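Residue numbers (mature numbering (1 follows the signal peptide of the UniProt record, and there is no 0)): -29 to -1, 1 to 525.
Even glycine gets a Cβ: it sits at the ideal position worked out from N, Cα and C.
Given the structure is predicted, the values throughout are model-derived calculations rather than measurements.
Remarks on the structure that follows.
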């Protein structure tokens, strides 16, 4: 070796050493069929597993493989687990994060942050809907307003970033996992029903440094008169999705506040009850579509955003709490079609399927009792539907329930940290006029809304649906039973009673050549309390928290 070569060799060693220490794997490595790497599995939002070893011919042979119990059952288990290389990452009540061996159910590591005591005083307590994994880290949005990154292999904190202050911004916590858009980690706050100004926040996923904020409350005085926007609700409390081709984040926003009394916020109240397309690196708005201008019914647009190809272009379909499914051109946000999932809606006479115009608005009136359909939980709660590319169908829970309300003035300055800014003196879930409250699981054409099959439920299903390449659809009920249906006709092929209701995301994954069905069981959330007057049987159902894996013996 020459003198110069020797000098270059020793000069390069420190650089090589640093690269070995600090190299962080990319977030979007090639996805294995055996993995469930993101909240909806992929950013297309399908909640579809390409695994088919469990299928219509053998699903009746499913047996429990193992059970993992986190211990804390407050508000049940609401997460969708993430699975990478046979390791399961999930969060239980009060931000307890676990890594679990997907073959045995053994705990690999456990982490719980030390939370600010204020979390025991807020309205949205205990519950979290998941974690995100990428760049060698596990990301958590906390109940006290932080983003935390954990080492994927050890569960030790890598960085922590305080995002919001719950003392001054009621409800500004993270009940859903922040999502990745390359090296950008982003997420919105809960609390559209509280006197807050909801925002979406983005940080550098590698070190937690802030990058941008997006205010879901427009500064336009025509949209928000005076200072009404400062207590106008908004936010984005469910996970968005990322389009790597366009570098755009698509995310839905919450309702305007006060929910049912709009006289104090005359205007269209942008950007509440809207779908947003945001540039991932800059936070700039590319396009938006406001599904419910001047929302006075608590009809968030926060639910899942699903992308499919239709007539040689990408379209989004998206359910709003008002009971309509909006099919939009993904490039422009312009409507392709709009159709009703709700069978009993009366808040509008109709929605123009080509423009989205609300026709014949039926608004609450101060001091006047009204029955408005659907109710504040929507034609479906936040629990997600699934799409199968094999059948071309959307599978979703649905319910027919209404509110009896009396709109009332409410002083936001007198609302405590756990109070809701609803603008009502009466709010009660009731059956639709001249019929019973009802629930079902529907299979529908996502573009036209045509019903292919439907299964009735005694109480609305509150868990997310899973579709698989095995020709199956899995769904859970509030009593704890999980069902497998034939995806083509809805025939029931298998069921199992987990012991507590399903409020989570059912998934499927593979390890060492075996396919597993994973069911987070554990009933909870605020939904049962809101629906109890329409479905009395929901009161007193047992809580719980158990991650249950099923497989078929070979």
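Query, Result
"Specify, as a first and last residue, the run of the alpha helix (DSSP H) that residue 501 falls within.", "498 to 502"
"Return the Cβ separation of residue 366 and residue 277 in integer angstroms, given the expectation that the two are a contact with Cβ distance under 8 Å.", "Contact doesn't hold; Cβ gap of about 11 Å is too wide."
"Hey, is the region 287 to 296 in contact with the region 396 to 413, meaning 3+ C-beta pairs nearer than 8 Å?", "no"
"Please state whether DSSP places residue 169 in a helix, a strand or coil.", "strand"
"Are the CB atoms of residue 221 and residue 238 within a distance shorter than 8 Å?", "no"
"Tell me whether residue 108 sits in a helix, a strand or coil according to DSSP, three-state version.", "strand"
"In whole angstroms, give me the CA-to-CA distance for residue 2 and residue 332.", "45 Å"
"Excluding five sequence neighbours on each side, which residues of the same chain lie with their C-beta closer than 7 Å to the C-beta of residue 341?", "335, 376"
"Just grab the DSSP bridge partners of residue 186 for me.", "170"
"To which residues of the same chain is residue 59 closer than 6 Å at the C-beta, ignoring the five residues directly before and after it?", "52, 71, 73"
"To test your reading of the DSSP string, which unbroken alpha helix (DSSP H) runs of 4 or more residues are found completely within the region 265 to 293?", "none"
"Can you grab the Cα-Cα spacing for the pair residue 15 / residue 66, in whole Å?", "27 Å"
"Distance, Cα to Cα, residue 464 vs residue 456?", "5 Å"
"By DSSP, does residue 201 sit in helix, in strand, or in coil?", "helix"
"Alpha carbon to alpha carbon, how far is residue 22 from residue 28?", "14 Å"
"On the three-pair Cβ rule with 8 Å, is the region 311 to 322 touching the region 421 to 430?", "no"
"Do you know offhand how far residue 189's Cα is from residue 346's?", "26 Å"
"At the level of alpha carbons, what is the spacing between residue 178 and residue 130?", "6 Å"
"State the DSSP-derived secondary structure class of residue 102, mapped to helix, strand or coil.", "coil"
"With a Cβ-Cβ cutoff of 8 Å, do residue 443 and residue 26 count as a contact?", "yes"
"Could you check what DSSP says for residue 248 in three-state terms: helix, strand or coil?", "strand"
"Check whether the region 142 to 153 and the region 210 to 217 are in contact - that is, three or more C-beta pairs closer than 8 Å.", "yes"
"Report back the beta-carbon spacing between residue 36 and residue 494 to the nearest angstrom; my notes put them in contact at under 8 Å.", "Between residue 494 and residue 36 the Cβ distance is about 22 Å, and since that is not below 8 Å, they are no contact."
"Measuring alpha carbon to alpha carbon, tell me which residue in 402, 78, 18, 7 is nearest residue 41.", "78"
"In terms of residue numbering, what span does the beta strand (DSSP E) encompassing residue 39 cover?", "34 to 39"
"Would you mind sorting residue 321 into buried or exposed? The rule is 16 or more other CB atoms within 10 Å of its CB.", "exposed"
"Just tell me which of 156, 338, 170, 128 has its CA closest to the CA of residue 140.", "170"
"Less than 8 Å between the C-beta atoms of residue 228 and residue 186, yes or no?", "no"
"Would you kindly work out how many angstroms separate the C-alpha atoms of residue 176 and residue 148, rounded to a whole number?", "13 Å"
"Go ahead and pull the three-state DSSP assignment for residue 552.", "The structure shown does not extend to residue 552, since the chain is modelled only from -29 through 525, so no value can be given for it."
"Please classify residue 525: is it buried, with 16 or more other beta-carbons within 10 angstroms of its beta-carbon, or exposed?", "exposed"
"For a quick check, are the C-beta atoms of residue 125 and residue 145 less than 8 Å apart?", "no"
"Count Cβ pairs between the region 434 to 450 and the region 476 to 491 that sit closer than 8 Å; are there 3 or more?", "yes"
"In chain order, what residues of the same chain lie with their CB nearer than 7 Å to the CB of residue 195, ignoring the 5 residues before and after it?", "188, 189, 203, 236, 238, 240"
"Quick one: using the 10 Å Cβ neighbour count with 16 as the cut-off for buried, is residue 198 buried or exposed?", "exposed"
"Taking only the alpha-carbon atoms, compute the straight-line gap between residue 402 and residue 372 and give it to the nearest angstrom.", "5 Å"
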